[in-house]
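Novice: What follows is a single structure, and I will ask about it in a moment.
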Amino acid sequence: MPTRAGWTVLAGALAALGAGRLLGVLELFVLGAVAIALVVVSVAWVRRPLPALALHREVHPARPTRGAAARVDVVVRNRGRRPTPVLTVRDLVEGTVGARLAIAPLEAGSARQVGYRLPTLRRGALQVGPMTAELLDPFGLARRAVGGPEAQTITILPGIEPLEGRLVGAGRQEPLAGRSTRSMATSGIEDLATLRPYVVGD
316 MPTRAGWTVL AGALAALGAG RLLGVLELFV LGAVAIALVV VSVAWVRRPL
366 PALALHREVH PARPTRGAAA RVDVVVRNRG RRPTPVLTVR DLVEGTVGAR
416 LAIAPLEAGS ARQVGYRLPT LRRGALQVGP MTAELLDPFG LARRAVGGPE
466 AQTITILPGI EPLEGRLVGA GRQEPLAGRS TRSMATSGIE DLATLRPYVV
516 GD
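In structure tokens:
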């Protein structure tokens, strides 16, 4: 289908045809006809048969931590018998403009791995995808998309901060360590025996 630039050229071509008819200027007719023909040729160019493509996405690590480095690896494989044209892989990433990866022509049966960094500044669920491989004509007037992996949700975990220092009581002998409950109770009775009787005003 035409791209935004393609639709703009079509609109300009129709305007040129209308102005040529209104003003009787042959050059405007020719210009409009050439522009329309260019868009038609571009659409036909991207609609030609393509080799079978396989797209694969893998996130490393699978559950990244907030603020830590995370990467998405994309593998494009040509399963056909003919080389592929230049492709553009688009992978949507929630909260960003997404990733655009240029793929050079692939020979039959070959594969290429590319990747991009995943934003991890915000913890929680992050949706990645869907992914498409796009074919553009040389003039950028028409585009064709081939579907790839569906959207997936990646969970970004909270960051883990190491604690400094040591636990309270670590490395020293507790005063009651090793004493049995009975000895502690007996010691408590002896301690109570040394107390004076209750006096009003206490």
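Each position in the sequence shown, counted from 1, maps to that position plus 315 in our numbering.
Glycine is no exception: its CB is placed at the ideal position from the N, C-alpha and C atoms.
By DSSP, does R394 sit in helix, in strand, or in coil?
Specialist: In the structure shown, R394 sits in coil (DSSP, three-state: anything other than H, G, I, E or B).
Novice: Under a Cβ-count criterion, where at least 16 other Cβ atoms within 10 Å of its own Cβ denotes burial, should T399 be classed as buried or exposed?
Specialist: With 16 or more other Cβ atoms within 10 Å, it is buried.
Novice: Which residues in the same chain as E449 place their Cβ atom closer than 8 Å to its Cβ, once the five residues preceding and following it in sequence are excluded?
Specialist: So the list reads L402, T403, V404, R405, R458, R459, A460, V461, once near-sequence residues are dropped.
Novice: Going by C-alpha distance, which of L421, W360, R437 is nearest V390?
Specialist: Ranking L421, W360, R437 by Cα distance to V390 puts L421 first.
Novice: Starting from the C-beta of D388, find all residues in its chain whose C-beta is less than 7 Å away, skip the five residues before and the five after it, and write them out in chain order.
Specialist: Closer than 7 Å at Cβ, skipping near neighbours: E373, H375, Q428, G430.
Novice: Strictly by DSSP, which residues pair up with L368?
Specialist: N393, per the DSSP bridge assignment.
Novice: How would you call G463, buried or exposed, if buried means at least 16 neighbouring beta carbons within 10 angstroms?
Specialist: Label assigned to G463: buried.
Novice: Kindly give me the distance between the Cβ atoms of I471 and L441, rounded to whole angstroms, as I take these residues to be in contact under 8 Å.
Specialist: Rounded, the Cβ-Cβ distance is 6 Å, consistent with contact.
Novice: Based on the DSSP output, what are the partners of V404 in its beta bridges?
Specialist: V404 pairs with L416, A448.
Novice: Could you check the C-alpha separation between R322 and E342 for me, to the nearest Å?
Specialist: Here residue 322 is Trp; the residue named in the question, Arg, does not match the sequence. So the two alpha carbons sit approximately 21 Å from each other.
Novice: Please report how far the alpha carbon of M316 lies from the alpha carbon of V358, in whole angstroms.
Specialist: Cα to Cα, M316 sits roughly 6 Å from V358.
Novice: Out of G439, V354, A426, G333, point me to the one whose CA is closest to P453's CA.
Specialist: If we check each option's Cα against that of P453, V354 comes out closest.
Novice: Any heavy atom of the ligand SAM within a distance shorter than 7 Å of the CB on L341?
Specialist: For the ligand SAM, the structure offers nothing, since it holds no ligand at all.
Novice: Bridge partners of A440, per DSSP?
Specialist: For A440, which the question treats as bridged, DSSP gives the partners T470.
Novice: In whole angstroms, give me the CA-to-CA distance for T318 and A384.
Specialist: Spanning the two alpha carbons is a distance of roughly 35 Å.
Novice: For V374, which of helix, strand or coil comes out of DSSP?
Specialist: Correct three-state label for V374: strand.
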